[in-house]
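Working notes, beginning with the structure itself.
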Amino acid sequence: MEADQPGDMTHSQEPSMQNELNPWLAAETRFNKAARLLEMDEGLQKVLRTPSREITVYIPILLDDGRLEVFTGYRVQHSIVRGPGKGGIRFAPDVSIEEVRALASWMTWKCAVANIPFGGAKGGVICDPALLSQGELERITRRYTAEIIEFLGPEKDVPAPDIGTNERVMAWLMDTYSMHTRQTTTAVVTGKPLDLGGSRGRREATGRGCMIVALQALERFGLRPENTRVVVQGFGNVGGMAAMLLARAGFKIISVIEYDGAVYNSAGLDIEALMEHAKETGSVVDFPKAENMGRDEALFLECEVLLPAAKENVITSKTAPHLRCRIVCEGANGPTTAAADEILQNKDIFVIPDILANAGGVTVSYFEWVQNRQGFYWNEELVNTRLEEIMVNGFRDLMKYSGKHQVDNRTAAYMLALDRVAFATKLRGLYA
Ligand code: NAD
């Protein structure tokens with residue numbers, strides 16, 4: 002790792018720093034704070050914290066070279082109180098039950114903040130997709146699906162892609178489920194190819210959601226897009242799309258930060274040309290219409306909006322003091338550590354927390370599920386209009402909640418989510 006990488010300032014070996022960087026501890030810290038402020042009953046806290054179901058399966062696969070191997074897979078349904086479980090399936094060598102469990106609860110809170118009728122779930126298989134052939138990946142996906150099949154279904158649990166999985170994997174999952182149930186059931190999974198019931202607008206949805214909430218935040222500051230300087234970290238699906246849509250809306254994207262360097266133009270970068278450049282050269286660096294810059298230097302540029310859309314633990318107790326933005330719009334999951342929350346608050350930086358800011362993706366997944374069940378497909382304009390409605394309502398609900406309880410936005414987001422899930426839990430009552 003190079004010295005100027007923002008992550009460098011966070012990757013200390015001190016035990017306190019290791020704890021700060023542990024996303025599960027961060028989620029726990031925020032849950033505890035929200036529950037305390039809501040004066041939630043201890044027993045109810047226990048119910049909300051504990052997953053509804055955890056499934057471990059062992060997946061025997063015949064590899065291409067003739068060897069037999071057994072892979073381990075998980076599916077955790079954290080909550081199915083507000084609707085079917087919803088959450089991605091991750092194929093990665095470092096998948097663990099602890100990680101899947103924490104990510105499943107994260108999905109519960111995200112769906113609750115966006116107020117879409119899903120609970121939270123997550124799945125994973127310990128494997129390295131880079132070392133597996135397409136045939137091996139297909140066999141793993143099909144056997145994993147078959148092993149957890151009684152727990153899946155449009156009304157039970159609806160997976161989606163995550164790290165190491167994609168549209169192709171979702172198509173295999175849908176086909177396996179459909180073969181077992183003897184009927185084509187597109188609504189069992191989202192993130193499918195368009196020709197198999199995927200939704201228009203899904204690929205852009207997370208970036209578009211970031212743009213919608215950023216525009217809402219600007220209104221509160223009386224800022225106009227043309228006077229708004231934006232720094233985007235991560236030029237992948239979320240960051241690239243958000244940068245393009247923000248630029249089209251008139252924002253000045255003054256810097257884009259990637260893992261190998263950053264580019265800067267005080268007048269605003271030509272994002273479409275930068276995308277072409279990145280596609281051709283594999284990097285944003287050396288873009289002719291900008292100057293190269295170190296990653297930390299770019300992260301700490303004076304700007305109105307900082308949009309971290311790369312990875313977790315970018316804004317930490319070490320980096321937060323150096324930020325010079327007014328708004329942080331969290332495109333990535335977990336870009337800010339719990340210790341940095343307080344620093345941002347003291348610096349009066351307005352945070353649009355990840356569980357709202359990047360909920361555009363799961364919202365359009367919800368639309369995909371609705372369209373599959375209706376058997377009637379929407380045009381992109383309708384998808385985008387409905388996405389805007391949900392994101393704007395989510396933002397307004399959050400503002401109302403943080404005002405009412407006089408808390409920062411992140412705490413308000415967790416309180417709102419816990420409150421909604423707790424309310425539904427009480428309404429349903431305990432089946433015993
Ligand atoms: P992606 O792989 O398409 O893009 C991530 C980009 O960040 C890549 O271009 C990568 O090179 C870059 N990057 C990695 N490390 C970096 C670093 N240290 N500094 C600067 N750039 C770095 O992934 P994505 O789908 O855009 O996801 C990005 C984040 O958004 C993740 O945290 C993901 O969990 C979250 N997210 C994604 C979606 C979605 O719909 N894709 C939805 C919700 C949340």
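Residue numbering for the sequence shown follows this note's numbering, starting at 2 and increasing by one per position. Glycine included, every Cβ here is placed at the ideal spot set by N, Cα and C. Please read these numbers as outputs of a predicted model, since none were measured by experiment.
Fill in: Bridge-paired residues (DSSP) for Gln234
As a working mapping, residue 234 is identified with position 233 in the sequence shown. In the DSSP output, where bridge partners are listed per residue, Gln234 has Ile258 and Pro309.
Worksheet item: If Ala360 and Gly210 are in contact, beta carbons under 8 Å, what's the gap, nearest whole angstrom?
Response: Here residue 360 is taken as the residue at index 359 of the sequence shown, counted from 1. Here residue 210 is taken as the residue at index 209 of the sequence shown, counted from 1. 6 Å between Cβ atoms; contact.
Discussion item. I need the straight-line Cα distance from Asn238 to Lys427, nearest angstrom please.
Written reply: Position 237 of the sequence shown, counting from 1, holds the residue named residue 238. Position 426 of the sequence shown, counting from 1, holds the residue named residue 427. Asn238 and Lys427: Cα-Cα distance of roughly 38 Å.
Worksheet item: Counting contacts by CB-CB distance shorter than 9 Å, is Ser200 in contact with chain E?
Response: Given the protein chain composition of this structure (a single chain), no chain E is represented.
Worksheet item: Using a threshold of 8 Å, is the CB atom of Asp355 nearer than that to any non-hydrogen atom of ligand 1?
Response: Residue 355 sits at position 354 when you count from the first residue of the sequence shown. Flag set: Cβ of Asp355 near ligand 1.
Practice prompt. Give me the Cα-Cα distance between Leu388 and Pro118, rounded to the nearest whole angstrom.
Written response: Position 387 of the sequence shown, counting from 1, holds the residue named residue 388. Position 117 of the sequence shown, counting from 1, holds the residue named residue 118. For Leu388 and Pro118, the distance between alpha carbons rounds to 14 Å.
Worksheet item: Between Gly192 and Pro85, what straight-line distance do the alpha-carbon atoms span, to the nearest angstrom?
Response: Within the sequence shown, numbered from 1, the residue matching residue 192 stands at position 191. Within the sequence shown, numbered from 1, the residue matching residue 85 stands at position 84. When rounded, the distance between both Cα atoms is 16 Å.
Worksheet item: Quick one: what's got a C-beta closer than 7 Å to Pro7's C-beta in the same chain, skipping five residues either side?
Response: Sequence index remark: in the sequence shown, residue 7 carries index 6 (1-based). Residue placement at Pro7 is flagged as unreliable, the pLDDT there being 42, under the threshold of 50; the coordinate-derived value follows with that caveat. The residues are Arg296, Asp297, Leu300, Val315 and Thr320.
Worksheet entry | Contacting residues, own chain, Cβ-Cβ under 7 Å from Tyr178 (five flanking each side not counted) | Walking along the sequence shown from the start, residue 178 turns up at place 177. Hits under 7 Å: Thr146, Ile150, Leu153, Thr186 and Val189.
Item to complete: Give the DSSP bridge partners of Cys330, in chain order.
Response: Numbered from 1 along the sequence shown, position 329 holds the residue referred to as residue 330. Cys330 pairs with Ile353.
Worksheet item: Looking at the structure shown, is Pro1 part of a helix, part of a strand, or coil, going by DSSP?
Response: Nothing about residue 1 can be read from this structure; the chain reaches only from 2 to 433.
Worksheet item: What does DSSP give as the partner residues of Ala1 in its beta bridges?
Response: The shown model of the chain, from 2 to 433, leaves out residue 1, and the question about it has no answer.
Fill in: Local Cβ density within 10 Å of Gln407, reported as buried at 16 or more and exposed below that
Here residue 407 is taken as the residue at index 406 of the sequence shown, counted from 1. Exposed is the call here.
Fill in: Beta-carbon contacts of Ile356 that lie in its chain and below 6 Å, excluding the five residues immediately before and after
Here residue 356 refers to the residue found at position 355 of the sequence shown. Counting only Cβ-Cβ distances below 6 Å, and skipping sequence neighbours, we find Trp110, Lys111, Val114 and Ala414.
Worksheet item: Say the cut is 8 Å; is the CB of Arg348 nearer than that to a heavy atom of ligand 1?
Response: Counting from one through the sequence shown, the residue named residue 348 turns up at place 347. Note that residue 348 corresponds to Lys in the displayed sequence, not to Arg. No, ligand 1 has no heavy atom inside 8 Å of this Cβ.
Worksheet item: Which class does Gln19 belong to by DSSP, given the choice of helix, strand or coil?
Response: As a first step, residue 19 must be located in the sequence shown, where it is residue number 18. Looking at Gln19 - three-state DSSP - the assignment turns out to be helix.
Practice prompt. State the beta-bridge partners of Tyr59 as determined by DSSP.
Written response: Within the sequence shown, the letter at position 58 stands for residue 59. Answer is Thr73, bridged to Tyr59.
Practice prompt. With a threshold of 8 Å, establish whether the CB of Pro194 neighbours any heavy atom of ligand 2.
Written response: Among the ligands in the structure shown, ligand 2 does not appear; only ligand 1 can be found there.
Discussion item. Quick check: the Cα distance between Met276 and Glu259, rounded to an integer number of angstroms?
Written reply: One-based indexing of the sequence shown puts residue 276 at position 275. One-based indexing of the sequence shown puts residue 259 at position 258. Roughly 12 Å separates the two Cα atoms.
Practice prompt. Would you mind working out which of Pro61, Ile350, Glu381 and Gly395 sits nearest Ala206, comparing C-alpha positions?
Written response: As a working mapping, residue 206 is identified with position 205 in the sequence shown. Ala206 has its Cα closest to that of Glu381, out of Pro61, Ile350, Glu381 and Gly395.
Discussion item. I believe Ile213 touches Pro160 by the beta-carbon criterion, under 8 Å. Please report the beta-carbon distance rounded to the nearest angstrom.
Written reply: Start at 1 with the first residue of the sequence shown, and residue 213 comes out as number 212. Start at 1 with the first residue of the sequence shown, and residue 160 comes out as number 159. Actually they do not touch by this definition, with Cβ atoms about 26 Å apart.
Worksheet item: Closer than 8 Å: is that where the CB of Ile316 sits relative to any heavy atom of ligand 1?
Response: Here the question's residue 316 lines up with position 315 in the sequence shown. Checking every heavy atom of ligand 1 against the Cβ of Ile316, none is found closer than 8 Å.
Fill in: Test item: CB-CB of Asn339 and Leu49 under 9 Å
Walking along the sequence shown from the start, residue 339 turns up at place 338. Walking along the sequence shown from the start, residue 49 turns up at place 48. Here residue 339 turns out to be Ala, not Asn, going by the sequence shown. Their beta carbons are not under 9 Å apart, which means Ala339 does not touch Leu49 by this criterion.
Fill in: Pick from Asn266, Gly404, Ala425 and Glu156 that is closest to Trp370, judged by C-alpha positions
Indexing the sequence shown from 1 puts residue 370 at position 369. Here the closest residue by C-alpha is Glu156.
Worksheet item: Alpha carbon to alpha carbon, what distance is there between Lys123 and Gly67?
Response: Here the question's residue 67 lines up with position 66 in the sequence shown. Here the question's residue 123 lines up with position 122 in the sequence shown. Cα to Cα, Gly67 sits roughly 31 Å from Lys123.
Discussion item. By the three-class DSSP mapping on this structure, what secondary structure does Gln78 have?
Written reply: Along the sequence shown, read from residue 1 onward, the residue named residue 78 stands at position 77. Residue state, collapsed to three classes: strand.
Worksheet item: Using the C-alpha atoms, what's the distance from Gly165 back to Ser13?
Response: Within the sequence shown, numbered from 1, the residue matching residue 13 stands at position 12. Within the sequence shown, numbered from 1, the residue matching residue 165 stands at position 164. The pLDDT assigned to Ser13 is 49, lower than 50, so where the model puts this residue is not dependable, and the model offers no usable value.
Worksheet item: Would you call Ala105 buried or exposed, if buried means 16 or more other Cβ atoms sit within 10 Å of its Cβ?
Response: Counted from its first residue, the sequence shown places residue 105 at position 104. Flag for Ala105 reads buried.
Fill in: For His181, the nearest candidate out of Arg144, Pro309, Gly198 and Gly199 (CA to CA)
Counted from its first residue, the sequence shown places residue 181 at position 180. His181 has its Cα closest to that of Arg144, out of Arg144, Pro309, Gly198 and Gly199.
Practice prompt. Look at the Cβ atom of Val436, then the Cβ atom of Ser134, and state whether they are nearer than 9 Å.
Written response: Absent from the structure is residue 436, since the part of the chain shown begins at 2 and ends at 433.
Worksheet item: Going by the CB atoms, is the gap between Ala333 and Lys348 shorter than 9 Å?
Response: Position 347 of the sequence shown holds residue 348. Position 332 of the sequence shown holds residue 333. Not closer than 9 Å, so no.
Worksheet item: DSSP on Met463, reduced to helix/strand/coil?
Response: Residue numbering for the chain in the displayed model covers 2 to 433; residue 463 lies beyond these limits and cannot be assessed.
Discussion item. Is Pro336 a contact residue of ligand 1, with contact defined as CB to any heavy atom under 8 Å?
Written reply: Residue mapping note: residue 336 aligns to position 335 of the sequence shown, counting from 1. Flag set: Cβ of Pro336 near ligand 1.
Worksheet item: Cβ of Gly240 versus every heavy atom of ligand 1: is any distance shorter than 8 Å?
Response: As a first step, residue 240 must be located in the sequence shown, where it is residue number 239. True, at least one ligand heavy atom lies under 8 Å from that Cβ.
Worksheet item: Going by DSSP, what residues sit across from Asn293 in a beta bridge?
Response: Stepping through the sequence shown from its first residue, residue 293 is reached at position 292. Val264, per the DSSP bridge assignment.
Practice prompt. May I have the straight-line CA-CA distance separating Gly208 from Ala36, to the nearest angstrom?
Written response: Within the sequence shown, residue 208 is the residue found at index 207, counting from 1. Within the sequence shown, residue 36 is the residue found at index 35, counting from 1. The straight-line gap from Cα to Cα measures roughly 30 Å.
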